[in-house]
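Taking it in order: structure first as structure tokens, then the write-up.
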Amino acid sequence: GNSVTQMEGPVTLSEEAFLTINCTYTATGYPSLFWYVQYPGEGLQLLLKATKADDKGSNKGFEATYRKETTSFHLEKGSVQVSDSAVYFCALSDLGGSQGNLIFGKGTKLSVKP
Amino acid sequence: DAGVTQSPTHLIKTRGQQVTLRCSPISGHKSVSWYQQVLGQGPQFIFQYYEKEERGRGNFPDRFSARQFPNYSSELNVNALLLGDSALYLCASSLARDRVQETQYFGPGTRLLVL
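If you're matching them up, the sequences are chains Y and H in order. Read in our numbering, the first sequence has 100 at position 106, and its numbers run on one by one without any break. Read in our numbering, the second sequence has 91 at position 106, and its numbers run on one by one without any break.
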């Protein structure tokens, strides 16, 4: 079945460091790919998305490129801030499902120190 | 514009009880999905509704049920609560114009604790 695998956390970085969170997926067909962010005590916020191969999603300095050849959608940011501390979830739309319900990875907790 | 709203924000129940969680989608959104997020894990899909009809169901027991109303709001019901039902329950809405590409927008969730 379809699945998403994210790098294990937690990830601890100093402010202004470069961030990469790896995400790979298994899916039939061509799912849409998403990154969601969850701040402490809150629900999920859509960070960025890509709907087809080679698309690059970007938002708030974060980027991810849909790589069909490597089935990956790694999240990157050139210079993280303390306010980026949160849990990041990679997800895909389940084309085998009724209407693209989302399949999530387990999440990667990011802590950014001043 | 108001986002997805959920009520209540927190809930404490005891084993065997029943619970009803409520969700109001973003205005204009006709599809509502429910997810369960156990502490330390990613959300797991429970149900999806569109135009009051169930469109999808995840791998959850029959104790879980849901419905969608004519105004597109939704309720999730869980009967005979177990300790393992303790989780954050998330509601998401989408326009549902495109069956497979639609972005889902999440509410803040209802945190359920079963004692």
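For each residue, glycine too, the CB sits at the ideal point set by N, CA and C.
Chain-ordered neighbours of residue i on chain H, where CB pairs are closer than 9 Å
i         : result
Lys100(Y) : Gly25, Gln26 and Gly27
Residue i and residue j closer than 8 Å at C-beta
i        : j           : result
Gly37(Y) : Gly13(H)    : no
Leu97(H) : Leu24(H)    : no
Ser66(Y) : Pro25(Y)    : no
Val74(Y) : Leu27(Y)    : no
Ala51(H) : Val(-11)(H) : no
Ala85(Y) : Glu70(Y)    : no
Lys15(H) : Leu75(H)    : no
Arg40(H) : Gln33(H)    : yes
Thr20(Y) : Asn(-4)(Y)  : yes
Cys8(H)  : Gln21(H)    : no
Secondary structure of residue i, DSSP reduced to three states
i        : result
Gly51(Y) : strand
Ser92(Y) : Model confidence at Ser92(Y) stands at a pLDDT of 47, short of 50, so the residue's coordinates are unreliable; what they give is reported in the following sentence. Coil at Ser92(Y), not helix or strand.
Leu66(H) : coil
Ser79(Y) : coil
Val17(H) : strand
Phe91(H) : strand
Val4(H)  : strand
Contact set between residue i and chain H, taken where Cβ atoms lie within less than 7 Å
i        : result
Gly37(Y) : Leu75, Phe91, Gly92, Pro93 and Gly94
Assumed close pair residue i, residue j - CB separation to whole angstroms, cut-off 8 Å
i        : j         : result
Gly27(H) : Lys100(Y) : 5 Å
Residues that residue i contacts on chain H, provided the C-beta gap is smaller than 8 Å
i         : result
Leu41(Y)  : Under the 8 Å cutoff, chain H gives no residues; its nearest Cβ is about 11 Å from Leu41(Y).
Phe67(Y)  : Chain H residues near Phe67(Y): none, gap ~14 Å exceeds 8 Å.
Phe111(Y) : The question about residue 111(Y) has no answer, for chain Y in this structure spans -5 to 108.
8 Å Cβ cut-off: residues of chain Y touching residue i
i        : result
Phe30(H) : Asp88, Gly91, Asn95, Leu96 and Ile97
Ser9(H)  : What Ser9(H) touches in chain Y: nothing, since even the nearest Cβ is about 14 Å away.
Within chain Y, partners of residue i - CB distance below 7 Å
i        : result
Thr88(H) : Leu40 and Lys43
Ser18(H) : Asn95
Pick from the options that is closest to residue i, judged by C-alpha positions
i          : options                                  : result
Val(-2)(Y) : Phe83(Y), Leu40(Y) and Ser105(Y)         : Phe83(Y)
Met1(Y)    : Ile15(Y), Asp49(Y), Leu96(Y) and Ser8(Y) : Ile15(Y)
Pro55(H)   : Gln29(H), Val4(H) and Pro10(H)           : Pro10(H)
Val99(H)   : Gln(-9)(H), Lys(-2)(H) and Gln89(H)      : Lys(-2)(H)
Trp29(Y)   : Val106(Y), Ile97(Y) and Ser8(Y)          : Ile97(Y)
heavy atom of the ligand ADP below 7 Å from residue i C-beta
i        : result
Ala77(H) : Of ligands this structure carries none, so the ligand ADP is not represented either.
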